[in-house]
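In what follows, a structure is listed as structure tokens, so that the remarks can point back to it.
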Amino acid sequence: MSSEHIDEVSGISTTGHEWDGIRELNNPLPRWWVITFYITIAWAAAYTIAFPAWPMLTSASKGVLGYSSRNDVKNELAAAEAAKGKYVAAIQQKTVSEIASDNALREFAVAAGGATFKVNCVQCHVSGAQGSKGFPNLNDDDWLWGGKAEQIQQTITHGIRFGSDADTRQSEMPAFADVLEPEQIAQVSAYVASLSGSVRDKTLIQPGAEVFADNCAGCHGESAKGNRELGAPDLSDAIWLHGSGESAIAAQVRAPKQGVMPAWGARLGDTKVKELTVYIHSLGGGE
Amino acid sequence: MLDQTQIERHEAEAVTCVKLRQPLYAARKKIFPKRASGRFRQFKWLVMAVTLGIYYLTPWLRWNRGAFAPDQAVLLDLANRRFYFFFIEIWPQQFYYVAGLLMMAGIGLFMVTSTVGRAWCGYTCPQTVWVDLFLVIERALEGDSSARIKLDAARWTARKLFVRGAKHAIWLIIAAATGGAWIFYFADAPKLLGAVLTGAAAPAAYVTIAVLTGTTYLFGGLMREQVCTYMCPWPRIQAAMLDENSLTVTYNDWRGEPRSRHAKKALASGKAVGDCVDCNACMAVCPMGIDIRDGQQLECITCALCIDACDGVMDKLGRARGLVSYATLADYNANMALATAGGTGAINPALIRSSSTTFVNAIAGFHLRKIFRLRSFIYLGAWSAIGLVLLFSLLTRERLALTVLHDRNPQFVTLSDGSIQNGYTVKLVNMIAAPRTIMLSLEGLAGAEMSVVGVDLPAGRSFAIPVAPDRLTMLKVFVRQPANQVSKPAQSFAFRIGDEASSESAEYTASFNAPEITR
Numbered sequence: 005m006s007s008e009h010i011d012e013v014s015g016i017s018t019t020g021h022e023w024d025g026i027r028e029l030n031n032p033l034p035r036w037w038v039i040t041f042y043i044t045i046a047w048a049a050a051y052t053i054a055f056p057a058w059p060m061l062t063s064a065s066k067g068v069l070g071y072s073s074r075n076d077v078k079n080e081l082a083a084a085e086a087a088k089g090k091y092v093a094a095i096q097q098k099t100v101s102e103i104a105s106d107n108a109l110r111e112f113a114v115a116a117g118g119a120t121f122k123v124n125c126v127q128c129h130v131s132g133a134q135g136s137k138g139f140p141n142l143n144d145d146d147w148l149w150g151g152k153a154e155q156i157q158q159t160i161t162h163g164i165r166f167g168s169d170a171d172t173r174q175s176e177m178p179a180f181a182d183v184l185e186p187e188q189i190a191q192v193s194a195y196v197a198s199l200s201g202s203v204r205d206k207t208l209i210q211p212g213a214e215v216f217a218d219n220c221a222g223c224h225g226e227s228a229k230g231n232r233e234l235g236a237p238d239l240s241d242a243i244w245l246h247g248s249g250e251s252a253i254a255a256q257v258r259a260p261k262q263g264v265m266p267a268w269g270a271r272l273g274d275t276k277v278k279e280l281t282v283y284i285h286s287l288g289g290g291e
Numbered sequence: 006m007l008d009q010t011q012i013e014r015h016e017a018e019a020v021t022c023v024k025l026r027q028p029l030y031a032a033r034k035k036i037f038p039k040r041a042s043g044r045f046r047q048f049k050w051l052v053m054a055v056t057l058g059i060y061y062l063t064p065w066l067r068w069n070r071g072a073f074a075p076d077q078a079v080l081l082d083l084a085n086r087r088f089y090f091f092f093i094e095i096w097p098q099q100f101y102y103v104a105g106l107l108m109m110a111g112i113g114l115f116m117v118t119s120t121v122g123r124a125w126c127g128y129t130c131p132q133t134v135w136v137d138l139f140l141v142i143e144r145a146l147e148g149d150s151s152a153r154i155k156l157d158a159a160r161w162t163a164r165k166l167f168v169r170g171a172k173h174a175i176w177l178i179i180a181a182a183t184g185g186a187w188i189f190y191f192a193d194a195p196k197l198l199g200a201v202l203t204g205a206a207a208p209a210a211y212v213t214i215a216v217l218t219g220t221t222y223l224f225g226g227l228m229r230e231q232v233c234t235y236m237c238p239w240p241r242i243q244a245a246m247l248d249e250n251s252l253t254v255t256y257n258d259w260r261g262e263p264r265s266r267h268a269k270k271a272l273a274s275g276k277a278v279g280d281c282v283d284c285n286a287c288m289a290v291c292p293m294g295i296d297i298r299d300g301q302q303l304e305c306i307t308c309a310l311c312i313d314a315c316d317g318v319m320d321k322l323g324r325a326r327g328l329v330s331y332a333t334l335a336d337y338n339a340n341m342a343l344a345t346a347g348g349t350g351a352i353n354p355a356l357i358r359s360s361s362t363t364f365v366n367a368i369a370g371f372h373l374r375k376i377f378r379l380r381s382f383i384y385l386g387a388w389s390a391i392g393l394v395l396l397f398s399l400l401t402r403e404r405l406a407l408t409v410l411h412d413r414n415p416q417f418v419t420l421s422d423g424s425i426q427n428g429y430t431v432k433l434v435n436m437i438a439a440p441r442t443i444m445l446s447l448e449g450l451a452g453a454e455m456s457v458v459g460v461d462l463p464a465g466r467s468f469a470i471p472v473a474p475d476r477l478t479m480l481k482v483f484v485r486q487p488a489n490q491v492s493k494p495a496q497s498f499a500f501r502i503g504d505e506a507s508s509e510s511a512e513y514t515a516s517f518n519a520p521e522i523t524r
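The listed protein sequences correspond, in order, to chains L and F. Here this note's numbering is used: the first residue of the first sequence is 5, the next is one more, and so on. Here this note's numbering is used: the first residue of the second sequence is 6, the next is one more, and so on.
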């Protein structure tokens, strides 16, 4: 450090810093400022004692006030759970039909079920529950296994063709590639397509109806309205899980695709399944 | 290249030098305003009674709104997001009424300031009113100006301790009542009073009372004129609104000067003598501690107490009132020019007087025409226009409204019979504090029907929906149209709501989406 330099004009010592002949006066800081500065230091020291601060080998000092942000979150979550408690208790008590007919309870269940849906179901059924080819649209009024609240609840709880659940919805359409002649498959496909739309070759319809009566009516019904007991789809409506049109129908006749839905009862628990049921039921197709 | 020797140099002490080091703030000069009496003091008492009355009593006024709304006349119900003002109820989305009122307040302040100067500061500002109130207490306990000066200078005795202690105690009680009154605007006043007294009120209530008690005591009792002079931005802003035709409190030195304490002696010796007898009465009553005779000053809040004080002295001396008066700068300048013969000499009382007690006719004086000029009327026009727009909007506003949100995911759903279904969230807003039944119906969209979630009725084109009082009711509505009636991918139609009892109605145009190709 250089020897002390006193500014001529003011008689105050300078800091020794010089820029192009301009020196910085070494005026003392205002007393209030210095006191405030010392208070902040004391405050900081006290703060590290009061709150978790000092890093140790495996954790950090706990702080004498015992504060923990993890506890804060835990308390807030507990408070949120407690706030929901009244509704959750009612949902546990009531059947899904009762929940759906109670305005306040239904609003709660739809919101809660919607959240559960976003986490667990959108992977197959898509965010708006509109599904995609092979994965059913849950907004419409066509239900393979029934669209009443209790039927939806059964499907969610035990799944469809889900091997590890004994009560799962079970059905299997045989592959007709080896049973029927290619010509018969073309005929029956034309007949089925004609039930809800137009076909190219109308002459195929009549023989197709015969093939249908012999081979398909057992499960799909004589008028092709399907059978929910068996999960056999209604073939006379406008909704096609595996694609519409003669060729898509023919492909399904030859070697049917059979979707699998997991059982959610054990994984989500009764309350969440009920909420989810009410949510699905409220999407616009519930019966 | 700059020639250093050519630069003019001045001798000046460095402001930072050791021997000149001084505090950055001027110490407060203690002010002991004397009690004034006169017209303006009377008017100020009246204003004080009215403004304090409004502040303390408003939350206790009742207004019957029926069983479904609070009966407090003025209530800012933050928890339920409603603002009640007598017959007016404002929802958060109607906050533009408050914005409009604030604009009116702003323009109103321009209007008042451009005509009668800083009347807000002098008469109605809470700072002025509360300082006045605190001074009443101070005078009652410690006496008037001279007694207070004596007491302040005296040694601390038991009496001084008692008097001062009582003063601060009463100030604190008034401050607590002021802070306490504030919270009653935000909740039911009688219930909240009980809760506050039994310690059952929300912590926010106590914190608010504590903060407002502290600020009232500090600003009204301890800081007083310093708030106006150093803290408040209004003096600067209002000063910018004044022009030469605005009234301000003015010392008319054209008739006051040369001032003389011994007028008779001076007259006898042949000197010119003005009306000012230099009695300092104007300074004694000034709550800001200034001398109005120094001319226009930032500190002057135009409380007009010096006018009262001077008028009293003039009356006693048998001279015309108005040595200190409300005057415009234009009038003052004209009279000054008259008194100094166009600025060519010192003030000569002979030039403005026709006798010892009367003035020449050329003296300019107060006239309403001078105050209300084009500028004032432009302010008045803007102020009234906003007021009328607000009033019209208030009288014609809808108390029944609906908004519709079209489901975006999925945009449409094909049903088993081929018909197309769209989902909507319909929000019915009933802004009346009474339950009613609203008819919700479809307008347009050929062949379409709707169903409402939670309403167990077959699909139709019209539903009666019961709505709660003063609430928003949210419905999930599905609209379906048969496939053969779908004309294009996006059709426009409307949801219509109506209340048959009040014949109110509202409509919301929505869109109905369908796939590009339908069977």
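All C-beta atoms in this analysis are idealised placements derived from N, C-alpha and C, irrespective of residue type, glycine included. Small disclaimer: the values here were computed from a predicted structure and weren't measured.
request  = Name, please, each residue of chain L whose Cβ falls closer than 7 Å to the Cβ of valine 52 of chain F.
outcome  = The residue labelled residue 52 of chain F in the question sits at position 47 within the second sequence. Those do not exist, as valine 52 of chain F stays about 40 Å from chain L at its closest Cβ, beyond 7 Å.
query = Are the beta-carbon atoms belonging to valine 52 of chain F and tyrosine 128 of chain F less than 8 Å from one another?
reply = The count along the second sequence starts at 1 and reaches residue 52 of chain F at position 47. The count along the second sequence starts at 1 and reaches residue 128 of chain F at position 123. Contact: yes.
query = On the three-state DSSP scale, how would you describe isoleucine 502 of chain F?
reply = For the purposes of this step, residue 502 of chain F is taken as residue 497 along the second sequence, with counting starting at 1. Strand, per DSSP.
query = Just reading off the beta strand (DSSP E) that tyrosine 331 of chain F is part of, what are its end residues?
reply = In the second sequence, counting from the first residue as 1, residue 331 of chain F sits at position 326. Note, tyrosine 331 of chain F: beta strand (DSSP E), 329-333.
DSSP bridge partner residues for threonine 18 of chain L (one or two, in chain order) = Working through the first sequence from its first residue, we reach residue 18 of chain L at position 14. Its beta-bridge partners are L:Leu29.
task = Run down chain F in chain order and give the residues with a C-beta less than 7 Å from the C-beta of glycine 288 of chain L.
result = The residue labelled residue 288 of chain L in the question sits at position 284 within the first sequence. For glycine 288 of chain L, the chain F residues whose C-beta falls within less than 7 Å of its own C-beta are Val418, Gln426, Gly428 and Phe483, listed in chain order.
message = DSSP three-state label for threonine 99 of chain L, please.
response = In the first sequence, the residue the question calls residue 99 of chain L occupies position 95. Three-state result, threonine 99 of chain L: coil.
ask   = How about serine 421 of chain F and aspartate 241 of chain L: do their beta carbons lie closer than 8 Å?
value = Taking the first residue of the second sequence as 1, we reach residue 421 of chain F at position 416. Taking the first residue of the first sequence as 1, we reach residue 241 of chain L at position 237. Aspartate 241 of chain L is positioned such that its CB atom lies closer than 8 Å to that of serine 421 of chain F.
request  = For glutamate 226 of chain L, collect the residues of the same chain with a Cβ closer than 8 Å to its Cβ; drop the 5 residues on either side in sequence, then sort them by chain order.
outcome  = Reading the first sequence from its first residue, position 222 is the one you call residue 226 of chain L. Here the set comprises Ala217.
ask   = When Cβ atoms are compared, which residues of the region 394-420 of chain F fall closer than 7 Å to chain L?
value = Listed by position, the residues of the region 394-420 of chain F near chain L (Cβ gap below 7 Å) are Asn414, Pro415, Val418, Thr419 and Leu420.
query = For isoleucine 12 of chain F, does the three-state DSSP call read helix, strand or coil?
reply = Residue 12 of chain F sits at position 7 when you count from the first residue of the second sequence. For isoleucine 12 of chain F, the secondary structure class from DSSP, reduced to helix, strand or coil, is coil.
ask   = Between which two residues does the alpha helix (DSSP H) harbouring alanine 242 of chain L extend?
value = Within the first sequence, residue 242 of chain L is the residue found at index 238, counting from 1. If you look at alanine 242 of chain L, you'll find it isn't in any alpha helix (DSSP H); DSSP assigns it neither H nor E.
ask   = Under the three-state reduction of DSSP, which class applies to serine 497 of chain F: helix, strand or coil?
value = Working through the second sequence from its first residue, we reach residue 497 of chain F at position 492. It is a strand residue.
key: 4 or more residues per run - each alpha helix (DSSP H) lying fully within the region 41-129 of chain F   = Counting only runs that start and end inside the region 41-129 of chain F, the alpha helix (DSSP H) elements of at least 4 residues fall at 44-62 and 101-121.
key: Under 8 Å from the C-beta of glutamine 134 of chain L: neighbouring residues of chain F   = In the first sequence, the residue the question calls residue 134 of chain L occupies position 130. Near glutamine 134 of chain L (Cβ distances below 8 Å), the residues of chain F are Asn414, Pro415 and Val418.
inquiry  = Measuring straight from C-alpha to C-alpha, what distance separates alanine 511 of chain F and arginine 441 of chain F?
reply    = As a position in the second sequence, residue 511 of chain F is number 506, starting the count at 1. As a position in the second sequence, residue 441 of chain F is number 436, starting the count at 1. Using only the alpha carbons, I get a separation of about 15 Å.
inquiry  = Give me, in chain order, the residues of the same chain whose beta-carbon lies closer than 7 Å to that of tryptophan 239 of chain F; leave out the 5 immediate sequence neighbours on both sides.
reply    = What you label residue 239 of chain F is simply residue 234 of the second sequence in a count that begins at 1. Correct list, in chain order: Cys126.
query = Does the beta carbon of valine 434 of chain F come closer than 8 Å to any beta carbon on chain A?
reply = No chain A is present in this structure, whose protein chains are L and F.
task = Give the straight-line distance between the Cα atoms of glycine 503 of chain F and arginine 404 of chain F, rounded to the nearest whole angstrom.
result = Counting from 1 along the second sequence, the entry for residue 503 of chain F is found at position 498. Counting from 1 along the second sequence, the entry for residue 404 of chain F is found at position 399. Glycine 503 of chain F and arginine 404 of chain F: Cα-Cα distance of roughly 11 Å.
query = Applying a beta-carbon distance threshold of less than 7 Å, which residues of chain L neighbour glycine 4 of chain F?
reply = Residue 4 of chain F cannot be examined here, being either before or after the span of chain F that is shown, 6 to 524.
Interface flag, glycine 459 of chain F vs chain L, CB-CB below 8 Å = By one-based count along the second sequence, residue 459 of chain F stands at place 454. Under the Cβ distance rule, glycine 459 of chain F counts among the residues neighbouring chain L, one pair being separated by less than 8 Å.
request  = State the beta-bridge partners of isoleucine 425 of chain F as determined by DSSP.
outcome  = To locate residue 425 of chain F, count along the second sequence from 1; it is residue 420. F:Thr419 and F:Gln486.
inquiry  = Check whether the region 175-189 of chain L and the region 250-267 of chain L touch, using three or more Cβ-Cβ pairs below 8 Å as the test.
reply    = Enough Cβ pairs lie closer than 8 Å, so yes.
request  = Verify the CB distance criterion: does arginine 74 of chain L have a CB-CB separation below 8 Å to chain F?
outcome  = Locating residue 74 of chain L in the first sequence gives position 70, counting from the first residue. By this cut-off, arginine 74 of chain L is not an interface position.
inquiry  = Just verifying my parser: in three-state terms, what is the DSSP assignment at methionine 5 of chain L?
reply    = As a working note, residue 5 of chain L is residue 1 in the first sequence. Any reading at methionine 5 of chain L must be qualified, since the residue scores a pLDDT of 45, below 50, and its modelled position is unreliable; the value itself is stated next. Here DSSP, grouped into helix, strand and coil, assigns methionine 5 of chain L to coil.
key: For phenylalanine 90 of chain F and aspartate 313 of chain F, the rounded distance between their alpha carbons   = In the second sequence, the residue the question calls residue 313 of chain F occupies position 308. In the second sequence, the residue the question calls residue 90 of chain F occupies position 85. Cα to Cα, the separation comes out at about 38 Å.
ask   = Rounded to a whole number of angstroms, what is the C-alpha to C-alpha distance between arginine 476 of chain F and asparagine 85 of chain F?
value = For the purposes of this step, residue 476 of chain F is identified with residue 471 of the second sequence, where counting begins at 1. For the purposes of this step, residue 85 of chain F is identified with residue 80 of the second sequence, where counting begins at 1. When rounded, the distance between both Cα atoms is 10 Å.
message = Let me check understanding here. Comparing Cα to Cα, which of F:Leu450, F:Ala451, F:Gly449 and F:Leu445 lies closest to valine 457 of chain F?
response = Mapped onto the second sequence, residue 457 of chain F falls at position 452. Ranking F:Leu450, F:Ala451, F:Gly449 and F:Leu445 by Cα distance to valine 457 of chain F puts F:Leu445 first.
request  = Find out if the Cβ-Cβ distance for the pair alanine 254 of chain L, isoleucine 189 of chain L is shorter than 8 Å.
outcome  = Residue numbering aside, residue 254 of chain L sits at position 250 when the first sequence is read from its first letter. Residue numbering aside, residue 189 of chain L sits at position 185 when the first sequence is read from its first letter. Contact: yes.
inquiry  = Taking the straight line between their C-alpha atoms, what separation do you get for aspartate 157 of chain F and valine 232 of chain F?
reply    = Stepping through the second sequence from its first residue, residue 157 of chain F is reached at position 152. Stepping through the second sequence from its first residue, residue 232 of chain F is reached at position 227. So the two alpha carbons sit approximately 22 Å from each other.
ask   = Could you check where the alpha helix (DSSP H) with methionine 455 of chain F kicks off and where it finishes?
value = Against the second sequence, residue 455 of chain F aligns to sequence position 450. Following the DSSP letters along the chain, one finds methionine 455 of chain F in no alpha helix (DSSP H) but inside the beta strand (DSSP E) bounded by residues 454-457.
request  = Sort L:Pro186, L:Gln210 and L:Val183 by Cα distance to valine 196 of chain L and report the nearest one.
outcome  = Counting from 1 along the first sequence, the entry for residue 196 of chain L is found at position 192. That would be L:Gln210, whose Cα lies nearest to the Cα of valine 196 of chain L.
ask   = Are the beta-carbon atoms belonging to isoleucine 156 of chain L and threonine 281 of chain L less than 8 Å from one another?
value = If you number the first sequence from 1, residue 156 of chain L lands on position 152. If you number the first sequence from 1, residue 281 of chain L lands on position 277. The Cβ atoms of isoleucine 156 of chain L and threonine 281 of chain L sit closer than 8 Å to each other.
query = Quick one: does arginine 110 of chain L have its CB under 8 Å from some CB of chain F?
reply = Residue mapping note: residue 110 of chain L aligns to position 106 of the first sequence, counting from 1. It does: the Cβ of arginine 110 of chain L has a partner Cβ on chain F nearer than 8 Å.
request  = Scan the region 59-121 of chain L and note each continuous alpha helix (DSSP H) run of 4 residues or more that stays entirely inside, going in chain order.
outcome  = The alpha helix (DSSP H) runs lying completely inside the region 59-121 of chain L and spanning 4 residues or more are 73-97 and 100-105, given in chain order.
ask   = Nearest to valine 434 of chain F by alpha carbon, out of F:Val254, F:Ala210, F:Ala205 and F:Gln99?
value = As a working mapping, residue 434 of chain F is identified with position 429 in the second sequence. Of the candidates F:Val254, F:Ala210, F:Ala205 and F:Gln99, the one whose C-alpha sits nearest the C-alpha of valine 434 of chain F is F:Gln99.
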